Structures are given as C-alpha cells and as structure tokens.
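Here the structure comes first, spelled out in structure tokens, and everything after it is commentary.
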Amino acid sequence: MMFEDERKYIKKDEIYTINIGTGGEISKFIKDKGIKILEIDIDEKRSPDLVMDIQNMHLLNDNSVDVIFCLEVLEHVQNPFKAVEEIKRVLKPGGIFIGSTPFVFPIHDEPDDYFRYTKYGILNLLLYPEIISLFMFMLSPLYYIWYFRSILRMGF
C-alpha cells in the first residue's frame, strides 16, 4: 500500500505539515483528520497562511518540516531546481515529500505554466538534491482517487 512505510515514522500529534500551493483540496482532507497544516502560496488572493515563493522559503527554518505536499505546483515555477533545493532544506532528515506534476495535461494558468515533466525529467529534478527515496510514475488522471485514499490511510 502506498505510504505504509512512511506512516510508521509519523506520529499524528507531532506532525509539522505544509502544503505548497493552495489551489487543491489536500489541506481540507488533512485538516478533517485533525492535523494542522500550514498553507503556503505565492498568491495572497488564495488566502494562504504564508505568502511565500517556493523558490525562497525564507520564513521556514532548515530541517523544520515533517511532511511537504506540493501537488501540481512545480510546473508553475520558473526555477524548479531551486524550488526542490528549498524543499530539501526545510524538510527534516527522513521527512516526507509528496509531490505531483502533470504530464499530458494541457497548458493552463497562462502565462505562469512553464513545464511538463516526463518520468525521467522528474527523476532528474528530484535526484539533483538527493530528495528522493520512493518514486511512483503514473499517467492516468484517475490516480487522484487512489492517491488521496492512500494519503487518508496514512492517518491524514
């Protein structure tokens, strides 16, 4: 089952979780499970907890975050390598990064939609700062159903 290995290292009452990009529904799922989550977005109109660019998360300390969700965000970042370096910087050793990017989805949110990632492109991006220990590649838009069920089984 997805995330089962990671789940055993996380105690529900000790999780410091952030969600980068507030456009999705993941924060609601996590809040409904009683877990506090800090929402970060570059757009203050989305009402994040912190207005901050993923490429410079200066308000977060090094090695301070247990879990980072970054779903459908990296394609909107001008320098995704810098963004991933920042993710690695703020994640605690052994922290969990849960990310997704579109592959075949059409360009949207113009002019701020820069990239599409192949399996090899995202692997290269995540291997660059050595952030990856588990990788899954899927093309079906239906993976969201399975993906969120797996997250909920983790206790979120």
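Numbering (UniProt numbering), first residue to last: 1 to 156. Ideal placement from N, C-alpha and C gives every residue a C-beta, glycine not left out. None of the values given here were measured: they were computed from a predicted structure.
Within 10 angstroms of the Cβ of glycine 21, are there 16 or more other Cβ atoms? Answer buried if so, exposed if not. buried
Residue range of the beta strand (DSSP E) that includes proline 93: 91-100
What separation, rounded to the nearest whole angstrom, lies between the Cα atoms of lysine 88 and asparagine 79? Their backbone Cα atoms lie some 15 Å apart in a straight line.
Roughly how many whole angstroms lie between the Cα atoms of glycine 34 and phenylalanine 81? 33 Å
Taking 8 Å as the threshold (C-beta atoms), are valine 67 and isoleucine 26 in contact? Taking the C-beta atoms as reference points, valine 67 is found no nearer than 8 Å to isoleucine 26.
In chain order, what residues of the same chain lie with their CB nearer than 6 Å to the CB of phenylalanine 135, ignoring the 5 residues before and after it? Only weak support exists for where phenylalanine 135 lies, its pLDDT of 47 falling under 50; the coordinates are left without a value.
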